Structures are given as C-alpha cells and as structure tokens.
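Comments concern the structure below.
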Amino acid sequence: MDATIVPKVQKHYPVLLKEIISVISPQHGGTFIDCTFGQGGYSKKILEFKNTNVIALDRDIESENIANQLKDNFENRFVFKNIKFSQLNNLKLKNENIRGIIFDLGYSYTQIKDPQKGLSFESGGELNMQLGLNSYSAQDTINKLDEKKLEKIFKFFGDEKEGKYIARNIVKERLKNKIDTKALVKIIDKTKKRKNFKVHNATKVFQALRIFVNKEISELIFGLINATKVLKKDGVLGVVTFHSLEDKIVKHFFKSLSENKSISRYSPVTKQAETLFNLKQKKPIIPSNEEISENPSSRSAKFRYVIKKTDFYNFDTDIQDQFRNLIEIENYGDEL
Ligand SMILES: C[S@@+](CC[C@H](N)C(=O)[O-])C[C@H]1O[C@@H](n2cnc3c(N)ncnc32)[C@H](O)[C@@H]1O
Numbered sequence: 003m004d005a006t007i008v009p010k011v012q013k014h015y016p017v018l019l020k021e022i023i024s025v026i027s028p029q030h031g032g033t034f035i036d037c038t039f040g041q042g043g044y045s046k047k048i049l050e051f052k053n054t055n056v057i058a059l060d061r062d063i064e065s066e067n068i069a070n071q072l073k074d075n076f077e078n079r080f081v082f083k084n085i086k087f088s089q090l091n092n093l094k095l096k097n098e099n100i101r102g103i104i105f106d107l108g109y110s111y112t113q114i115k116d117p118q119k120g121l122s123f124e125s126g127g128e129l130n131m132q133l134g135l136n137s138y139s140a141q142d143t144i145n146k147l148d149e150k151k152l153e154k155i156f157k158f159f160g161d162e163k164e165g166k167y168i169a170r171n172i173v174k175e176r177l178k179n180k181i182d183t184k185a186l187v188k189i190i191d192k193t194k195k196r197k198n199f200k201v202h203n204a205t206k207v208f209q210a211l212r213i214f215v216n217k218e219i220s221e222l223i224f225g226l227i228n229a230t231k232v233l234k235k236d237g238v239l240g241v242v243t244f245h246s247l248e249d250k251i252v253k254h255f256f257k258s259l260s261e262n263k264s265i266s267r268y269s270p271v272t273k274q275a276e277t278l279f280n281l282k283q284k285k286p287i288i289p290s291n292e293e294i295s296e297n298p299s300s301r302s303a304k305f306r307y308v309i310k311k312t313d314f315y316n317f318d319t320d321i322q323d324q325f326r327n328l329i330e331i332e333n334y335g336d337e338l
C-alpha cells in the first residue's frame, strides 16, 4: 500500500481474506484474536462460522463503533478491546484455547481519508499521524527532535536517501515558523534533487513519520512475542505486511523460531533444539491479480504464517537484538 496516498477505492476490502480464512480454518471452531480489527473484515468472516469466538483489538477508538454492531449480533462470541496489540499479554489469555492470531498491519482507508489523523500529504489535514493511544504526534516530532535524529528516522523508516538535507532544511525552517503538513511537503519538494515521477516526493518521509509516531516496529516485535506466548499448540499465527521493513521482521521471527531455537530456560521443559514453529510455506502468500484489480491498495500485501508446534508460554528469541537499532530510534520519542 502506498504509505500516504489516499486510495481511489472508496470501499473497504479485507486484504487476502479468502487465503487467511483457509489458513486459520475457523470451521473447526475455537477462539481467534484479530489484532487489527479496523473495519472488522476478518472478525465478521470468522464469526460466520459456528462455535467460533473472536477477541478483537484496535488502538483506534473509532473502530469501536463497528465493533458495537458486531457485539449486537454476536453477543457472547465477540469482545473488542481498545488496546495496542503489543499489550496482548495483559489480557490474561494464558489458559484460553487460542486457535489463531492475525495481524493486518498499517491503517484502513477510513483512517487515511480522515483529515484529523493527518496521515496523508494529500488530505491537507494536520501533521498528526496518531492512530490512537499515542504519546506524541508528527507535529511534535518535526518541530522538536534534533536534526540528526530526524535524519535517522527518514533513513531507517523511510529509506529516504536525501533525509539528511530534508532534516537540515526542517530545522532551518522551524526557527521561523511552526511546520505543518503543507509546509513539510514544500520543504521536501524544494530539497529533493532526485525526482521520481511515479512516487510523490513526500511518500518516504511521511511513511517514516507514521512508523515513528506509532512506534510500529516496537509494536510489531512485542506483538509477535506476546502472540506467540498466548497461542495454543497447533494454532496459527499470521501477519499481513505492507512494506519491506515489516516483512523483514516477520520473516526473521518466523524463520528463526522454525529452525533450531530451544524452549525458554525459564520453562520446566528442558528439551533442547526443539523448533517452536512449523513454517509450512517459506514464500509469502500474495494477492491474486483479481484481488489487485479490484483493490489496487492490496498490491504490496504479503501474508506469512506459522503453526505453533507445542504448548509453551515463555521462550527465547533474538528478535529484539536483531532490530535493536530500530527500537532505539523509536525510543527517541521518549524525549517528546
Ligand atoms: C489495515 S487495518 C485492518 C483492517 C481489517 N483487517 C479489516 O478487515 O477491516 C489496520 C488496523 O490496525 C490498527 N492498528 C495498527 N497498529 C495497531 C497496534 N499496534 N495495535 C492495535 N491496533 C493497531 C489500525 O488502527 C487499523 O484500524
């Protein structure tokens, strides 16, 4: 999905819905966690199967309106929690029979259309970018963080080659005026020497700011860790990603735990070299041409999944070490 362009499609399409349902098999019943409820596309479909329960999460309180409709229809089988998915372990699910946990990362078309959220450089809204339950906005970031830190955010979260010069010009400009969405786009346009006619000049910087403001890397890493804990044996953990950074994290996490990691040293089980996940498919599942032509925003979606092989709660993973530099950059937000 393009990070910040308002999609032309004006209808909600749950991405890769058919493929995900076929992988998580709700026809056998059980409890499923929809970590990114959004418009409720996945939750609704799962609830169509008898004997299923859904626990849905979303950090955006506006999702609750749609969740309330589902609550009316599936009173005893559906709960919604307005929390970040990194907090999944606080839901006391250790003894629940969780059969599947799904993440569909990013934002929905209603969020990108909402000028108050300020996700898009096209929406003309505030420079906000908070999806919900945040501590600071893109406005705070651009107007308060020092030049070197801004440069790193643009480089590591947006792969913006000219981030250094953009950061320099932001810092110069903000001495004169507070920077809003329009002003930021203008600075980027003026700074960038490499013009790309296919992608808007501001795309990479806007993607980087959205990742930083919502701490998307830390959210994903702790979301994956906590989802792994609460899932039951033979349960499916699946993630839909939309950009390469997210996909790299998911791919590493799934691959490393499908190879040769051992059960946590805190666990009473002492078996060595036991793999925790079964990775059925190395390559991600991607949308069909038919889905892409109906919903072009789905074109960059990648779905990866694993199956939990045994019951365990605590486990060892190197995921935090592997992506420590990115977590540290997100932690610049602590000073805002
Ligand atoms: C792409 S939409 C999900 C669409 C959904 N699958 C559907 O079919 O309607 C992503 C949703 O995840 C939510 N989200 C993003 N990061 C989150 C996080 N860390 N914790 C909880 N929700 C999050 C967003 O607010 C957004 O509503």
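Start counting the sequence shown at 3; every next residue gets the next number (this note's numbering).
C-beta: ideal position from N, C-alpha, C; glycine also.
Just so you know, these numbers come straight off a predicted model, no measurement behind them.
- Residue environment analysis places R101 among the buried positions, since at least 16 neighbouring C-beta atoms fall within 10 angstroms of its C-beta.
- Nearest to I85 by C-alpha distance, out of G240, E64, E276, N75, is E64.
- As the crow flies, the alpha-carbon of T33 is around 18 Å from that of Q89.
- S45 places its beta carbon less than 7 Å from that of F39.
- If the five residues before and after H14 are omitted, its C-beta is found closer than 7 Å to the C-beta atoms of Q41, G43, S110, Y111, all from its own chain and listed in chain order.
- In the three-state DSSP reduction, V232 falls in the helix class (H, G or I).
- Distances from the alpha-carbon of K119 to those of I104, A140, I103 put A140 closest.
- When only Cα atoms are considered, D106 and C37 end up about 8 Å apart.
- In terms of side-chain proximity, the C-beta atom of L133 is found nearer than 6 Å to a non-hydrogen atom of ligand 1.
- Beyond the five residues adjoining it in sequence on each side, T312 comes within less than 6 Å, by CB distance, of K235 in the same chain, given in chain order.
- Distance from the CA atom of D116 to the CA atom of T183, rounded to whole angstroms, is 14 Å.
- L222 sits away from I181, with the two beta carbons spaced by 7 Å or more.
- Only residues of its own chain outside the window of five on either side were considered, and among them I168, N203, A204, V207 have a CB closer than 7 Å to the CB of I190, listed in chain order.
- DSSP, reduced to helix, strand and coil, places V215 within a helical segment of the structure shown.
- Going by beta carbons, V56 and I48 fall inside the 7 Å limit.
- Within the stretch 70–148, the complete beta strand (DSSP E) segments of 3 residues or longer fall at 80–83, 100–106, listed in chain order.
- In terms of side-chain proximity, the C-beta atom of E330 is found no nearer than 6 Å to any non-hydrogen atom of ligand 1.
- Annotation for I35: the continuous beta strand (DSSP E) segment containing it runs 32–36.
- Boundaries of the alpha helix (DSSP H) around K250: 246–261.
- Sequence-distant Cβ neighbours of N228 in its own chain, meaning closer than 6 Å and more than five residues away, are L90, N91.
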